[in-house]
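In my numbering, the protein residues as written are 42 to 614.
One structure is given below, encoded as structure tokens.
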């Protein structure tokens, strides 16, 4: 179980990756802050020369030094901007690849009760991090440094400024120490409701036809109103915290301006400061006030970035399948034997197991049909065999290797599956069949496309293998979508083929042609399908019947026909 990570710790973990760039940014900020505060000292000296009515080489040199200081300050800001731009690009790139790597490998158990497309929306918080981090690193940090160095420099003019500066710094610390946790909590809550609004709008879009055909239902607007109200309430609560912090920082500005102007004026009148020092002190005050303005404007950005990091972390924290197990050996190329012993699985929060005590032994090259009524656990059994769930009881072994000890990714390279959880993604027909696997030969693709009539003679596939498909195959008839996913499962004839109950979706002659192809050309492949069609079951030889999650029978069709429940399970198509 993952240890809970605070948003602030996540933020520092994010900075660790680019600590070299961060160090450079802070180094430039440090020198820039020092330069910005030495300029008033130079101006102070210049004013002293001017008031004395002297035009000398020292005066000219001071002017040149001040101008060079301003130029160097600008150069350092340009360097900071360049580094932060590279940093933004790195953040986006890393986040994109991390999401792409993690999403297919997240454990299914970790997603119980969650909707992955909605969780993936958290990727857009990468943009918030991308835009906000430079503001924190540059504006907030430089402002904090300028305030710190500014009050130190002021302290050099008179001992009074030492206590005054200490009191002001303590004031700022107390503001952030006692209000930041509440501000962060309200910011995270606000973000949660923001995503609820976005999710509901996506649901309306996903089920657009459903809502369109429902007529004058108020549900879309009513639920939107409810979720927007939740968002606005949390936003108002967050703004109250921001407003309190803003008011305190404005008070801080007033204290600095009034305190230093009054004290500075009195010191000049008492001849404890000269006019040059007073002007320099006022320039420092102006710089400090400008820095306080930056602090005020940076507060909301800080909350946004910390909240965004927390939201991205809600996805990256999801547990992944282990990649430490044993790889699949080359001997598997000769076939895959499968042994299932006392297999049971119970979903979290379920009252009882969905399947229990299933035991089957399948030598390499076996053909098995799984039959049973709806909800009996047939589909779950195939999902367990493909390694989609880990928390099962009993054992599943491939070639005498426990599934728990096999590298899942390597195993799936040996499996062709057509499960209900699979779908068509946005890409070409070729990409949807091969899934980008380099070992799949072009001839094998053409063979399965010819078998299933997936070619340019099909109206929906005018560009052949280069036809661009929409997500979920929205631009395709249902029969074509099913054929594409079947082609994906059988291309190259993997050593283990798992087919869910899609064969009945094909026309009889297409179905028979596909089954004959598999039985004739896939003699070395272990093939398991789900069907309640007696004709299909008969062709597969062995039949496993499951009812209420338990194994009812295992045998051939001739044996099963003698059972009194036969007709209730098997229906001709």
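Where is the CB? At the ideal position from N, CA and C, for every residue including glycine.
Quantities reported herein were computed from a predicted structural model and do not represent experimental measurements.
Give the range of the alpha helix (DSSP H) segment to which residue i is assigned.
| i | result |
| --- | --- |
| residue 260 | 260-310 |
| residue 344 | 316-357 |
| residue 174 | 166-175 |
| residue 183 | 182-196 |
| residue 363 | Taken as a continuous stretch (DSSP letters only), residue 363 belongs to no alpha helix (DSSP H), as it is neither H nor E. |
| residue 161 | 157-161 |
| residue 607 | 607-610 |
In the DSSP assignment, find the unbroken beta strand (DSSP E) run with residue i in it and report its ends.
| i | result |
| --- | --- |
| residue 532 | Run containing residue 532: none; DSSP gives neither H nor E here. |
| residue 251 | No beta strand (DSSP E) contains residue 251, which is instead part of the alpha helix (DSSP H) from 249-254. |
| residue 560 | Here residue 560 belongs to no beta strand (DSSP E); instead the alpha helix (DSSP H) covers 549-562. |
| residue 570 | 567-571 |
| residue 595 | 591-596 |
Would you decide whether residue i is buried or exposed? Buried here means 16 or more other CB atoms lie within 10 Å of its CB.
| i | result |
| --- | --- |
| residue 339 | buried |
| residue 550 | exposed |
| residue 321 | buried |
| residue 102 | exposed |
| residue 561 | exposed |
| residue 566 | buried |
| residue 575 | buried |
| residue 132 | buried |
| residue 578 | buried |
| residue 318 | buried |
| residue 108 | exposed |
| residue 165 | exposed |
| residue 391 | exposed |
| residue 50 | exposed |
| residue 181 | buried |
| residue 59 | buried |
| residue 382 | exposed |
| residue 353 | buried |
| residue 328 | buried |
Return helix, strand or coil for residue i, following the three-state DSSP convention.
| i | result |
| --- | --- |
| residue 243 | helix |
| residue 434 | strand |
| residue 583 | strand |
| residue 49 | helix |
| residue 510 | strand |
| residue 139 | helix |
| residue 26 | Given a span of 42 to 614 for the chain in the structure shown, any question on residue 26 remains unanswerable. |
| residue 488 | helix |
| residue 700 | The shown model of the chain, from 42 to 614, leaves out residue 700, and the question about it has no answer. |
| residue 231 | helix |
| residue 313 | coil |
| residue 546 | helix |
| residue 604 | coil |
| residue 588 | strand |
| residue 58 | helix |
Skipping 5 residues on each side, what residues in its chain have a beta carbon closer than 7 Å to that of residue i?
| i | result |
| --- | --- |
| residue 245 | 252 and 261 |
| residue 310 | none |
| residue 513 | 464 and 465 |
| residue 296 | 209 |
| residue 455 | 369, 373, 377, 535, 536 and 537 |
| residue 580 | 556 and 560 |
| residue 45 | Note that residue 45 scores a pLDDT of 49, beneath 50, so its modelled location is shaky and nothing firm can be said. |
| residue 74 | 183, 186, 187 and 190 |
Please work out which residues of its chain come closer than 6 Å, Cβ to Cβ, to residue i, disregarding the five sequence neighbours upstream and downstream, and give them in chain order.
| i | result |
| --- | --- |
| residue 63 | 56 |
| residue 66 | 121, 124 and 178 |
| residue 592 | 399 |
| residue 492 | 558 |
| residue 345 | 169 and 173 |
| residue 475 | 481 |
| residue 294 | 330 and 333 |
| residue 676 | The requested residue 676 does not occur in the structure, where the chain is confined to residues 42 to 614. |
| residue 457 | 530, 531, 535 and 538 |
| residue 485 | 532 and 533 |
If I measure Cβ to Cβ from residue i and keep anything under 8 Å in the same chain, skipping five residues before and after, which residues do I get?
| i | result |
| --- | --- |
| residue 172 | 129 |
| residue 196 | 202, 203 and 206 |
| residue 598 | 575, 578, 579 and 584 |
| residue 199 | 304, 308, 313 and 314 |
Query - Inside the segment 376-439 only - beta strand (DSSP E) runs reaching at least 3 residues - result: Segments of the beta strand (DSSP E) lying fully in the segment 376-439: 379-386, 396-403, 408-412 and 434-439.
Query raised in the report: For the segment 62-125, which segments carrying the alpha helix (DSSP H) assignment without a break, of at least 4 residues, lie completely within its bounds, in sequence order?
Result: The qualifying runs do not exist here; there are none.
Report task. At 3 residues or longer, and completely inside the segment 438-483: list those beta strand (DSSP E) runs for me, N to C. Result -> Runs of the beta strand (DSSP E) inside the segment 438-483: 456-459.
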